[in-house]
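A.B. asks:
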């Protein structure tokens, strides 16, 4: 009996030890899996944190760049606004000078000559009346011419009366007369029924371009070409002047022209290099789309 009891005890102890071993191995496996899971979780967390930090830093850099760009654009806008105000004031001063120097002096001369004419009439000096009346007539005609030119600068009524091409040709003749620069205008298949905004835009673009040529380019010849092609107007203005760095130098005149073209949904480009003249190329859609207006 004792021998059987010892065998049973040995078997029980063996099974107990085997159970303990299995429990120990299971615990170790669980601990390894837990350690691995915790390690992977920490690793993924660190990777996610690193990625998030990198993205945050990138966003901060981008935000700083955008802020710098906005600040720079704001400064440019302030500068352009100031230059625009100066340009308007200069235009007003120019018109004021024209009125004072030309019209004012001419009318003063008319008054003086009328006083002289009155004296001649009182003295019954009939032989001197006709020459004096001719002088007064000449002064009045000059005044009318100056007033007409100022009116055309303010609003080109010739566009309404004669159309785009005659207005451009008149403008070319006037610029050539005042500056000595040869201006040639060529037009192909231009419809008389162009939208009013489009005609005014083309006229003003040519006006500003010719002004820039006379003031800055030292050009001898300017060629203006207007062509109607399908549903658009193609305008090019080319001079043989000294040119400039088109990507670096943009004056208020060019910026105003670009804005005028953009306002009608067109495209504007400048091709120029020092010593090689300048070419302006403008494309305007015939179906005028004024950007700041809401569609009907």
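Numbering (the working numbering), first residue to last: 22 to 317.
A virtual CB, placed ideally from N, CA and C, is assigned to each residue, including glycine.
1. Pick helix, strand or coil for residue 216, following the three-state DSSP scheme.
2. So who's on the other strand from residue 291, going by DSSP bridges?
3. Is there at least one non-hydrogen atom of the ligand NAD closer than 7 Å to the beta-carbon of residue 76?
4. I need the straight-line Cα distance from residue 253 to residue 153, nearest angstrom please.
5. Specify the secondary structure class of residue 306 as computed by DSSP and reduced to three states.
6. Confirm, please, whether the CB-CB distance from residue 299 to residue 274 is below 8 Å.
7. How long is the line joining the alpha carbons of residue 2 and residue 127, rounded to whole angstroms?
8. Please check the pair residue 212 and residue 249, which I expect to be a contact at CB under 8 Å, by giving their CB distance rounded to whole angstroms.
9. Assuming residue 282 contacts residue 260 under a Cβ cut-off of 8 Å, what Cβ separation, rounded to an integer in Å, is found between them?
10. If you follow the alpha helix (DSSP H) that residue 196 is in, where does it begin and where does it stop?
11. With a threshold of 8 Å, are at least 3 pairs of Cβ atoms found where one atom belongs to the stretch 209-223 and the other to the stretch 178-192?
12. Helix, strand or coil for residue 205 per DSSP?
13. Take every Cβ of the stretch 119-137, pair it with every Cβ of the stretch 88-107, and state whether three or more of those distances are shorter than 8 Å.
14. Going by alpha carbons, who is nearest to residue 246 out of 239, 226, 240, 232?
15. Thinking C-beta only, is residue 305 closer than 8 Å to residue 222?
16. Is the distance from the Cβ of residue 240 to the Cβ of residue 202 below 8 Å?
17. Report the three-state DSSP secondary structure of residue 259 (helix, strand or coil).
18. Should residue 220 go down as buried or exposed, given a rule of 16 or more other Cβ atoms within 10 Å for buried?
19. For the alpha helix (DSSP H) holding residue 126, just list the boundary residues, first then last.
20. Might you give, ordered along the chain, the residues of its own chain that have their beta carbon closer than 7 Å to the beta carbon of residue 130, omitting 5 neighbours on each side?
21. Taking only the alpha-carbon atoms, compute the straight-line gap between residue 113 and residue 301 and give it to the nearest angstrom.
22. Between which two residues does the beta strand (DSSP E) containing residue 282 stretch?
23. Taking the beta carbon of residue 233 as the centre, do at least 16 other beta carbons fall within 10 Å, making it buried, or is it exposed?
24. Using the Cβ count rule (16 or more neighbours within 10 Å means buried), how would you classify residue 303?
25. Is the beta carbon of residue 135 closer than 8 Å to that of residue 116?
26. Quick one: what's residue 210 bridged to in DSSP?
27. With a cut-off of 8 Å on the beta carbons, I'd call residue 141 and residue 150 a contact; round off their distance for me.
C.D. replies: With the given structure in hand:
1. By 1-based counting over the chain shown, the position of residue 216 is 195. Correct three-state label for residue 216: coil.
2. On the chain shown, position 270 is the one that residue 291 refers to. 301.
3. By its list of ligands, the structure shown contains no ligand whatsoever, and the ligand NAD lies outside what it can speak to.
4. Sequence index remark: in the chain shown, residue 253 carries index 232 (1-based). Sequence index remark: in the chain shown, residue 153 carries index 132 (1-based). Going by the C-alpha atoms only, they are around 55 Å apart.
5. Taking the first residue of the chain shown as position 1, residue 306 is located at position 285. Looking at residue 306 - three-state DSSP - the assignment turns out to be strand.
6. For this step, residue 274 is matched to residue 253 along the chain shown. For this step, residue 299 is matched to residue 278 along the chain shown. No, Cβ-Cβ distance for residue 274 and residue 299 is not below 8 Å.
7. The displayed coordinates of the chain run from 22 to 317. Any statement about residue 2 would go beyond what the structure contains.
8. As a first step, residue 212 must be located in the chain shown, where it is residue number 191. As a first step, residue 249 must be located in the chain shown, where it is residue number 228. About 6 Å; that satisfies the 8 Å criterion.
9. One-based indexing of the chain shown puts residue 282 at position 261. One-based indexing of the chain shown puts residue 260 at position 239. Not quite, the Cβ-Cβ distance comes to about 18 Å (not below 8 Å), so this is no contact.
10. Reading the chain shown from its first residue, position 175 is the one you call residue 196. Here the alpha helix (DSSP H) through residue 196 covers 185-200.
11. yes
12. Residue numbering aside, residue 205 sits at position 184 when the chain shown is read from its first letter. DSSP places residue 205 in strand when its eight states are reduced to three.
13. no
14. What you label residue 246 is simply residue 225 of the chain shown in a count that begins at 1. Residue 226 is the option with its Cα nearest to residue 246.
15. Counted from its first residue, the chain shown places residue 222 at position 201. Counted from its first residue, the chain shown places residue 305 at position 284. Yes. Within cutoff.
16. Indexing the chain shown from 1 puts residue 240 at position 219. Indexing the chain shown from 1 puts residue 202 at position 181. Closer than 8 Å, so yes.
17. Numbered from 1 along the chain shown, position 238 holds the residue referred to as residue 259. If DSSP states are grouped into helix, strand and coil, residue 259 belongs with the strands.
18. In the chain shown, counting from the first residue as 1, residue 220 sits at position 199. So residue 220 ends up on the buried side.
19. Start at 1 with the first residue of the chain shown, and residue 126 comes out as number 105. Its alpha helix (DSSP H) spans residues 126-143.
20. Taking the chain shown and counting its residues from 1, the one referred to as residue 130 is at position 109. Answer for residue 130: 160, listed in chain order.
21. Here residue 113 refers to the residue found at position 92 of the chain shown. Here residue 301 refers to the residue found at position 280 of the chain shown. Cα to Cα, residue 113 sits roughly 27 Å from residue 301.
22. Start at 1 with the first residue of the chain shown, and residue 282 comes out as number 261. That residue, residue 282, is in no beta strand (DSSP E); its alpha helix (DSSP H) goes 273-284.
23. As a first step, residue 233 is located in the chain shown; it is residue number 212 there, counting from the start. Buried, by the Cβ-count rule.
24. Numbered from its first residue, the chain shown carries residue 303 at position 282. Counting Cβ neighbours within 10 Å, residue 303 comes out buried, since at least 16 surround it.
25. Translated into positions along the chain shown, residue 116 becomes position 95. Translated into positions along the chain shown, residue 135 becomes position 114. Not in contact: residue 116 and residue 135 (Cβ atoms no closer than 8 Å).
26. Position 189 of the chain shown holds residue 210. None, per the DSSP bridge assignment.
27. The sequence position of residue 141 within the chain shown is 120, counting from 1. The sequence position of residue 150 within the chain shown is 129, counting from 1. Rounded, the Cβ-Cβ distance is 6 Å, consistent with contact.
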